[in-house]
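Here is the structure we will look at.
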Amino acid sequence: MTSTSTPSANSLREAMVREVVANRAHVGVPLSPAVEKALAQVPREAFLPGLDLKEVYTDQAVVTKRDNKRGVALSSVSAPTVIALMLDRADIRPGHRVLEIGSGGYNAALISELVGADGQVTSIDIDAEVIDRAHRCLVGAGYTDVHLGVADGEYGFADRAPFDRIVITAGAWDVPAAWAEQLVPGGRLVVPKRIRGLTRCLTLEHHGQGLWSALAQDMCGFVRITGAGEHWEQMPYLNDTDGRRVGLRLEDGPDVDVQPLREALIQEPTTVWAEVLIAYDEATDAQDLWLATVIDDWALLTADPGAVKAKIVKPTWNHGTPALIAADGASFAYRTLRRHPDLENRWQFGAIGHGPSGPDAAQQLCALMEEWDRHHRGGPGPDITLVPAHTPDDQLPSGRVVNKRHTRMVLHWATTP
Numbered sequence: 001m002t003s004t005s006t007p008s009a010n011s012l013r014e015a016m017v018r019e020v021v022a023n024r025a026h027v028g029v030p031l032s033p034a035v036e037k038a039l040a041q042v043p044r045e046a047f048l049p050g051l052d053l054k055e056v057y058t059d060q061a062v063v064t065k066r067d068n069k070r071g072v073a074l075s076s077v078s079a080p081t082v083i084a085l086m087l088d089r090a091d092i093r094p095g096h097r098v099l100e101i102g103s104g105g106y107n108a109a110l111i112s113e114l115v116g117a118d119g120q121v122t123s124i125d126i127d128a129e130v131i132d133r134a135h136r137c138l139v140g141a142g143y144t145d146v147h148l149g150v151a152d153g154e155y156g157f158a159d160r161a162p163f164d165r166i167v168i169t170a171g172a173w174d175v176p177a178a179w180a181e182q183l184v185p186g187g188r189l190v191v192p193k194r195i196r197g198l199t200r201c202l203t204l205e206h207h208g209q210g211l212w213s214a215l216a217q218d219m220c221g222f223v224r225i226t227g228a229g230e231h232w233e234q235m236p237y238l239n240d241t242d243g244r245r246v247g248l249r250l251e252d253g254p255d256v257d258v259q260p261l262r263e264a265l266i267q268e269p270t271t272v273w274a275e276v277l278i279a280y281d282e283a284t285d286a287q288d289l290w291l292a293t294v295i296d297d298w299a300l301l302t303a304d305p306g307a308v309k310a311k312i313v314k315p316t317w318n319h320g321t322p323a324l325i326a327a328d329g330a331s332f333a334y335r336t337l338r339r340h341p342d343l344e345n346r347w348q349f350g351a352i353g354h355g356p357s358g359p360d361a362a363q364q365l366c367a368l369m370e371e372w373d374r375h376h377r378g379g380p381g382p383d384i385t386l387v388p389a390h391t392p393d394d395q396l397p398s399g400r401v402v403n404k405r406h407t408r409m410v411l412h413w414a415t416t417p
């Protein structure tokens, strides 16, 4: 007779922690003992009731509320590896006062473990249903000291300020003044920041008077922040056939006349190959951010799987491939990839251009990828500074300026040897 047994929550939690530790070590950023201990202490299943335990302890995000009309997630419990990264970057210590914006309960419980009995945890969300759910889960798990509030994260939570750390668990388009005002001098803000359509988890140190500098930047993905800080990008479709849609995601402009670009898409494309190779499992996030920094008329090309299967487009990534719109407004080019014909496990970047200026646009995009390869590949990435929106140009550090409602972000790339 064969017996079977179901893994316990404790054993699955231990396995999850081992996986998170291994993932952090693999990228060269070991997990701190404090965060590792917190992950081992907090029962994640208490914040995902009704979900199979194996799914609870899989290293993935779980959506807990969705807007079915718009087809977007409104709230989620983030993947353990991402949570661990953000908490490590925040450097939360015993006795700290911490504000979490975007509540799911699980992250607040972890923060509670980190700050200890002498600390303070405040977790807010604009959605009362989300807060009610977080309250039930926290109380059920024994975390009764977390202060929960229904509030728009754009304005922080002045009643419980000042804070030593602020952790944002939603994708933010900008950094409002309230976050700086409610943070102690030298305090840290960890925020998934949207930069020209890309999202990077920035660890920002506040230097007073609305001046921030990034201590670290990491890949991440989060549900969009809602409320006064909400910002939706343009998404004109170049092909809107159901199941074969091709679009251009434009977060900070440019404004485009979509009809000439639609006509360009159906014209014969031009493919140009760059002298830039990559291993199949190598990340492209550094090149993505570099291209977003240097291309003025920047966009992200998106495509349904059906559009790729039908060979309407051949992007490197269906959900957002770097693209540039040519000066004539009737042409564009986007990044592509092919297996290298002669080298094993090597792939080659290229660009596909459409429209009258498509060949030139493809050449331009390839030249920029080659510049990244020569001068920035393997480097530390850009220095990122945020200053108040009213800061004049002559007081900005050198670099690419991305203007937002509350801030001006400057990205400066140093040349690698």
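When the letters of the sequence shown are read in order and numbered with the working numbering, they come out as residues 1 to 417.
Here a beta-carbon is modelled for each residue, glycine too, at the ideal position from N, C-alpha and C.
(1) Taking only beta-carbon atoms, is E344 less than 7 Å away from chain B?
(2) Starting from W439, trace the alpha helix (DSSP H) in both directions and tell me its first and last residue.
(3) Would R400 and T321 qualify as a contact pair, given that the criterion is a beta-carbon distance under 7 Å?
(4) Could you give the distance in angstroms between the alpha-carbon of G116 and the alpha-carbon of P397?
(5) Expressed to the nearest angstrom, what Euclidean distance is found between the alpha-carbon atoms of E45 and Y334?
(6) Is it a yes or a no for the stretch 190 to 202 touching the stretch 256 to 269, going by three-plus beta-carbon pairs under 8 Å?
(7) Quick check on G306: does DSSP put it in helix, strand or coil?
(8) I need the DSSP call for V121, collapsed to helix, strand or coil.
(9) How about I111 and V98: are their beta carbons less than 7 Å apart?
(10) Please determine if the stretch 204 to 224 and the stretch 381 to 396 are in contact, where contact requires at least 3 C-beta pairs separated by less than 8 Å.
(11) So L343 packs on L277, CB below 8 Å; how close in whole Å?
(12) Alpha carbon to alpha carbon, how far is P33 from D118?
(13) Which residue or residues does DSSP assign as beta-bridge partners of N403?
(14) Assuming T416 contacts G378 (C-beta within less than 8 Å), just tell me the rounded distance between them.
(15) Kindly provide the ranges of any alpha helix (DSSP H) runs that are 4 or more residues long and lie completely inside the stretch 298 to 357, ordered along the chain.
(16) Can you give, in chain order, each stretch of the alpha helix (DSSP H) that sits fully within the stretch 163 to 232 and has at least 4 residues?
(17) Nearest to A351 by alpha carbon, out of H340, F332, D242?
(18) For S5, count the other beta carbons within 10 Å of its own beta carbon; 16 or more makes it buried, fewer makes it exposed. Which is it?
(19) From Q364, V27, V313, A158, pick the residue whose C-alpha is nearest to that of L238; which is it?
(20) Is it buried or exposed, P176, if we count other Cβ atoms within 10 angstroms and call 16 or more buried?
(21) Where R160 and G153 are concerned, what is the direct C-alpha to C-alpha distance, given to the nearest angstrom?
(22) Sort H147, I195, Q217 by Cα distance to T203 and report the nearest one.
(23) Kindly indicate which three-state DSSP category R66 falls into: helix, strand or coil?
(24) Are the beta-carbon atoms of D88 and V21 separated by less than 7 Å?
(25) Let's see if you can read the secondary structure: which residues bound the alpha helix (DSSP H) around A15?
(26) For L277, write down the residues that DSSP places opposite it in a beta bridge.
(27) What are the uninterrupted segments assigned as alpha helix (DSSP H) that are 4 or more residues long and contained completely in the stretch 233 to 288, given in chain order?
(28) Within this structure, are the beta carbons of I419 and A172 separated by less than 7 Å?
(29) Within its chain, find whatever has a CB closer than 7 Å to the CB of W179; leave out the 5 residues flanking it on each side and keep chain order.
(30) May I have the straight-line CA-CA distance separating G229 from S123, to the nearest angstrom?
(31) Find the nearest neighbour of P43 within the set P30, Y57, L31, judged by alpha-carbon distance.
(32) Nearest by alpha-carbon distance to F349: which of W317, A327, D360, M16 is it?
(33) Which residues in the same chain have their Cβ closer than 6 Å to the Cβ of A423, if we skip the five residues on either side of it in sequence?
(34) Could you tell me how far apart the beta carbons of V272 and A330 are, in whole angstroms, since I believe they sit closer than 8 Å?
(35) Please identify the residue among M409, G358, Q120, R262 whose C-alpha is closest to the C-alpha of Q395.
(36) Please name the residue, chosen from G227, D174, E251, that lies closest to P236 on a Cα-to-Cα basis.
On the basis of the data shown:
(1) This model lacks chain B altogether; it includes just one protein chain.
(2) Residue 439 is absent from the structure shown; the chain starts at 1 and stops at 417.
(3) Taking the first residue of the sequence shown as position 1, residue 400 is located at position 400. Taking the first residue of the sequence shown as position 1, residue 321 is located at position 321. No, the Cβ-Cβ distance between R400 and T321 is not below 7 Å.
(4) To locate residue 116, count along the sequence shown from 1; it is residue 116. To locate residue 397, count along the sequence shown from 1; it is residue 397. Cα to Cα, G116 sits roughly 40 Å from P397.
(5) On the sequence shown, position 45 is the one that residue 45 refers to. On the sequence shown, position 334 is the one that residue 334 refers to. Rounded to the nearest angstrom, the two C-alpha atoms are 43 Å apart.
(6) no
(7) Here the question's residue 306 lines up with position 306 in the sequence shown. In the structure shown, G306 sits in a helix (DSSP, three-state: H, G or I).
(8) Here residue 121 corresponds to residue number 121 of the sequence shown, with the count starting at 1. Of the three classes helix, strand and coil, the one that applies to V121 here is strand, per DSSP.
(9) Working through the sequence shown from its first residue, we reach residue 111 at position 111. Working through the sequence shown from its first residue, we reach residue 98 at position 98. It is a contact, given that the beta carbons lie within the stated cut-off.
(10) yes
(11) Position 343 of the sequence shown, counting from 1, holds the residue named residue 343. Position 277 of the sequence shown, counting from 1, holds the residue named residue 277. With a Cβ gap of about 7 Å, L343 and L277 count as contacting.
(12) Looking up residue 33 in the sequence shown gives position 33. Looking up residue 118 in the sequence shown gives position 118. Between P33 and D118, the C-alpha separation is close to 19 Å.
(13) By one-based count along the sequence shown, residue 403 stands at place 403. Per DSSP, R408.
(14) To locate residue 416, count along the sequence shown from 1; it is residue 416. To locate residue 378, count along the sequence shown from 1; it is residue 378. Correct: roughly 6 Å between the Cβ atoms.
(15) 305 to 309
(16) 177 to 181
(17) Residue mapping note: residue 351 aligns to position 351 of the sequence shown, counting from 1. Among H340, F332, D242, the Cα nearest to that of A351 is on F332.
(18) Stepping through the sequence shown from its first residue, residue 5 is reached at position 5. Legend: pLDDT at S5 = 47, less than 50; position of this residue unreliable, value from coordinates given subsequently. Under this definition S5 is an exposed residue.
(19) If you number the sequence shown from 1, residue 238 lands on position 238. That would be V313, whose Cα lies nearest to the Cα of L238.
(20) Looking up residue 176 in the sequence shown gives position 176. Buried is the call here.
(21) The residue you call residue 160 lines up with position 160 of the sequence shown. The residue you call residue 153 lines up with position 153 of the sequence shown. Approximately 13 Å between the Cα atoms of the pair.
(22) On the sequence shown, residue 203 is found 203 positions in, with the first residue counted as 1. The candidate whose alpha carbon is nearest that of T203 is Q217.
(23) Working through the sequence shown from its first residue, we reach residue 66 at position 66. R66 falls in the strand class under three-state DSSP.
(24) Taking the sequence shown and counting its residues from 1, the one referred to as residue 88 is at position 88. Taking the sequence shown and counting its residues from 1, the one referred to as residue 21 is at position 21. Taking 7 Å as the Cβ cut-off, D88 and V21 do not qualify as a contacting pair.
(25) Here residue 15 corresponds to residue number 15 of the sequence shown, with the count starting at 1. Segment 9 to 26, the alpha helix (DSSP H) holding A15.
(26) For the purposes of this step, residue 277 is taken as the residue at position 277 of the sequence shown. Bridge partners of L277: Q348.
(27) 258 to 265
(28) Lying outside 1 to 417, the shown extent of the chain, residue 419 is not represented and no answer is given.
(29) As a position in the sequence shown, residue 179 is number 179, starting the count at 1. Contacts found: G156, I166, L189.
(30) Here residue 229 refers to the residue found at position 229 of the sequence shown. Here residue 123 refers to the residue found at position 123 of the sequence shown. Rounded to whole angstroms, G229 to S123 spans 17 Å at the Cα level.
(31) The residue you call residue 43 lines up with position 43 of the sequence shown. P43 has its Cα closest to that of Y57, out of P30, Y57, L31.
(32) Numbered from its first residue, the sequence shown carries residue 349 at position 349. Per the Cα distances, W317.
(33) The displayed coordinates of the chain run from 1 to 417. Any statement about residue 423 would go beyond what the structure contains.
(34) In the sequence shown, the residue the question calls residue 272 occupies position 272. In the sequence shown, the residue the question calls residue 330 occupies position 330. Not confirmed; about 19 Å, so no contact.
(35) Residue numbering aside, residue 395 sits at position 395 when the sequence shown is read from its first letter. The shortest C-alpha separation from Q395 is found at M409.
(36) Position 236 of the sequence shown, counted from the start, is the residue given in the question as residue 236. Ranking the options by Cα distance to P236, first place goes to E251.
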